[in-house]
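One structure below.
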Amino acid sequence: FRHINEVALNNIIINESSKSYLTKKVDEENQHGHFMLYKRLVKRIRDMIIEVDESYAYPYSLATTLIDGALHQHFVSKHFKSITDCNDQITPSEFFKNMISTLLNMNYGKE
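Heads up: the sequence shown is residues 32 to 142, going by this note's numbering.
Quick look at the structure:
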């Protein structure tokens, strides 16, 4: 895969990802299995959430929020800087590590 420009691919994913499922035919496409990889990823993240905190009440919702929110925060930090805390010092990854740690009682960054 040396011919793939990873920076360009990353930008495409950040800028275009939601367009893959925010369509008028989403239900039909879902019935045809178009979102199986996405659903499998959500389930894997859900399983990790349960492994960390089995008492957390909304693991599927958190998993989808993490995926979509991470892409959204990357987009917002590039294009709408005034409405995010993410910047050159605070990455979306840092924000989500903090959020997950707080939600799942993990004490991230408090050592």
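We put the CB at the ideal spot given by N, CA and C, even for glycine. Small disclaimer: the values here were computed from a predicted structure and weren't measured.
Worksheet entry | Beta-carbon contacts of Asp-84 that lie in its chain and below 7 angstroms, excluding the five residues immediately before and after | By 1-based counting over the sequence shown, the position of residue 84 is 53. The answer, listed in chain order, is Leu-135, Asn-136.
Practice prompt. Check whether the segment 96-105 touches the segment 123-131, counting contact only when three or more Cβ pairs, one atom from each stretch, lie closer than 8 angstroms.
Written response: Short answer: they touch.
Worksheet item: Would you say Ser-113 touches the ligand SAM, meaning its beta carbon is less than 6 angstroms from a heavy atom?
Response: This structure simply doesn't include the ligand SAM, nor any ligand for that matter.
Practice prompt. Taking the CB atoms as reference points, tell me whether Arg-106 and Ile-45 lie closer together than 7 angstroms.
Written response: For the purposes of this step, residue 106 is taken as the residue at position 75 of the sequence shown. For the purposes of this step, residue 45 is taken as the residue at position 14 of the sequence shown. At residue 106 the sequence reads Phe, which differs from the Arg that was named. Result yes, Cβ atoms of Phe-106 and Ile-45 sit closer than 7 angstroms.
Worksheet item: From Thr-96 to Glu-59, what does the alpha carbon distance come to, in whole angstroms?
Response: Translated into the one-based positions of the sequence shown, residue 96 becomes position 65. Translated into the one-based positions of the sequence shown, residue 59 becomes position 28. Each residue's Cα considered, the two are about 23 angstroms apart.
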